[in-house]
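Colleague:
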Amino acid sequence: MPELPEVETVRRTLKNFVLHKTIDSIEVRYPRIIDGDVETFVSTLIHQSICDIDRYGKYLIFILDHDVFISHLRMEGKYNIKMKDEPYDKHDHIIFHMTDGTDLRYNDTRKFGRMQLVDKEHYREYPPLNRLGQEPMEASFDYIYPRIHQSHLPIKQLLLDQSIFTGIGNIYANEICFRMGMDPRTRGDRLSKKRILELIEVSSTILKEAIAQGGTTIHSFDANGIHGLFQVTLSVHAQTTCSKCKGPIKKITIAGRGTYYCPHCQKRRY
DNA sequence: CCGGACGCCTGAGGGC
DNA sequence: TGCCCTCAGGCGTCCG
């Protein structure tokens, strides 16, 4: 599941392949990927060039000549660059045919991903982007602190709430709790100012480290497409043995999500 | 208004 | 070997 660092890697990789290319036509093989009117989406975007690709949280933001559309990869969304005569994969759902004979193909096994047109000038002020909180790397204490400190929900769940921090998914939420030495069930209102300051710092550091690791794959993509799922070093997520104390990792469910933690290294409930 | 439950999907994996 | 059932998981929506 691509989280902020993977989406950032996809963004950088994609820019190398599609910048300044012009969309000739769009094939929509599975319409539900597109939020809003499909015909409008297609007719608006054709004949426009891709000027830039931006990102906010886990959203990719495609800036065209006169319009902007956003793309969320959800669980398994990925992009491929192929020549137009190459056969489609069964999970290629949206095909952007470029005027230079290449295709930008959106592939998504589970069909959870979404694309939609947004207002070119003010897209950050409208849904869904205006519902997002702050990216950990740019988060301010004044914004984050009350949202954590006034909640009785477990910190793991709060880390996944995109209206507080945006960009953190299940994997990095587990990793952040681990590096904090914090039990993921710890209630938000039990964290002190100092610990929340530390939480912002740790979250930012972990995402930056992951982006740096993804940087090594920036100029290439393999047969699986541009999905940003480079090899990140995980300390606790999906592990069986703790990377620190070598004790057993425990798996529990918090808010319906698989949560891995080390009962020895993450005892602190505050 | 807050938060829990559900729906959207498919393939992997377990049970038999 | 193969079929069927269950389930993960981000996020929008529904509902209590």
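Residue numbering for the first sequence is 1 to 270, as defined by the UniProt record's numbering. For every residue, glycine included, the Cβ atom is placed at its ideal position computed from N, Cα and C. Just so you know, these numbers come straight off a predicted model, no measurement behind them.
Which residues does DSSP list as the beta-bridge partners of T22?
Modeller: Along the first sequence, one-based indexing puts residue 22 at 22. Its beta-bridge partners are S49.
Colleague: Taking the alpha carbon of A173 as the point to measure from, which residue in T99, D52, D142 and I155 has its own alpha carbon closest?
Modeller: In the first sequence, residue 173 corresponds to position 173, counting from 1. It is I155 whose Cα lies nearest to the Cα of A173.
Colleague: What's the gap between the Cα of D183 and the Cα of Q239?
Modeller: What you label residue 183 is simply residue 183 of the first sequence in a count that begins at 1. What you label residue 239 is simply residue 239 of the first sequence in a count that begins at 1. Spanning the two alpha carbons is a distance of roughly 16 Å.
Colleague: S192 by DSSP, collapsed to three states: which one?
Modeller: The residue you call residue 192 lines up with position 192 of the first sequence. S192: coil per DSSP, three-state reduction.
Colleague: By DSSP's criteria, residue 299 is part of a beta bridge. Which residues make up the other side?
Modeller: Nothing about residue 299 can be reported from this structure: the residues present for the chain run from 1 to 270 only.
Colleague: Taking 9 Å as the threshold (C-beta atoms), are P2 and K58 in contact?
Modeller: Within the first sequence, the letter at position 58 stands for residue 58. Within the first sequence, the letter at position 2 stands for residue 2. Yes, the Cβ-Cβ distance between K58 and P2 is below 9 Å.
Colleague: Would you mind working out which of R32, L129 and L159 sits nearest G113, comparing C-alpha positions?
Modeller: Here residue 113 corresponds to residue number 113 of the first sequence, with the count starting at 1. Comparing Cα positions, the closest option is R32.
Colleague: Please report the distance separating the alpha-carbon of I176 from that of V42.
Modeller: Within the first sequence, the letter at position 176 stands for residue 176. Within the first sequence, the letter at position 42 stands for residue 42. Each residue's alpha carbon lies about 40 Å from the other.
Colleague: Which of helix, strand or coil does DSSP assign to H219?
Modeller: If you number the first sequence from 1, residue 219 lands on position 219. Model confidence at H219 stands at a pLDDT of 37, short of 50, so the residue's coordinates are unreliable; what they give is reported in the following sentence. In this structure, H219 counts as coil in the three-state DSSP scheme.
Colleague: Run the CB neighbour count on A212, radius 10 Å, all protein chains shown included, and call it buried at 16 or more, exposed below.
Modeller: For the purposes of this step, residue 212 is taken as the residue at position 212 of the first sequence. A212 should be labelled exposed.
Colleague: I need the straight-line Cα distance from K120 to I46, nearest angstrom please.
Modeller: As a position in the first sequence, residue 120 is number 120, starting the count at 1. As a position in the first sequence, residue 46 is number 46, starting the count at 1. Roughly 16 Å separates the two Cα atoms.
Colleague: First and last residue of the alpha helix (DSSP H) that includes F178?
Modeller: The count along the first sequence starts at 1 and reaches residue 178 at position 178. N170 to M180 is the span of the alpha helix (DSSP H), which, as asked, contains F178.
Colleague: Classify G77: buried if its beta carbon has 16 or more other beta carbons within 10 angstroms, exposed otherwise.
Modeller: Taking the first sequence and counting its residues from 1, the one referred to as residue 77 is at position 77. Buried: at least 16 other Cβ atoms inside 10 Å.
Colleague: Based on DSSP bridge pairs, tell me the residues matched to H72.
Modeller: Within the first sequence, the letter at position 72 stands for residue 72. According to DSSP, which records beta bridges pairwise, H72 is partnered with Y59 and R114.
Colleague: Can you tell me which of the three DSSP states K246 falls into?
Modeller: Within the first sequence, residue 246 is the residue found at index 246, counting from 1. Looking at K246 - three-state DSSP - the assignment turns out to be coil, as it is neither helix nor strand.
Colleague: Can you name, in chain order, every residue of its own chain whose Cβ lies under 6 Å from the Cβ of M180, other than the five neighbours on each side?
Modeller: Position 180 of the first sequence, counted from the start, is the residue given in the question as residue 180. So the qualifying residues of the chain are V202.
Colleague: Count the other CB atoms, across all protein chains shown, that sit within 10 Å of the CB of I171; report buried if there are 16 or more and exposed otherwise.
Modeller: Numbered from its first residue, the first sequence carries residue 171 at position 171. Counting Cβ neighbours within 10 Å, I171 comes out buried, since at least 16 surround it.
Colleague: Between the Cα of L60 and those of L73, D67 and I50, spot the shortest distance and give me the residue it belongs to.
Modeller: Taking the first sequence and counting its residues from 1, the one referred to as residue 60 is at position 60. The shortest C-alpha separation from L60 is found at L73.
Colleague: Put T109 into one of helix, strand or coil per three-state DSSP.
Modeller: In the first sequence, residue 109 corresponds to position 109, counting from 1. Note: T109 maps to coil in three-state DSSP.
Colleague: Counting pairs of beta carbons, one from the stretch 84-93 and one from the stretch 3-21, are three or more of them closer than 8 Å?
Modeller: As far as the Cβ criterion goes, the stretch 84-93 does not touch the stretch 3-21, which means the pair count is below three.
Colleague: Which residues share a DSSP beta bridge with Y260?
Modeller: On the first sequence, position 260 is the one that residue 260 refers to. Y260 pairs with K251.
Colleague: Looking only at DSSP bridge pairs, what is M83 linked to?
Modeller: Reading the first sequence from its first residue, position 83 is the one you call residue 83. DSSP, once it has assigned bridges, lists T102 as partnering M83.
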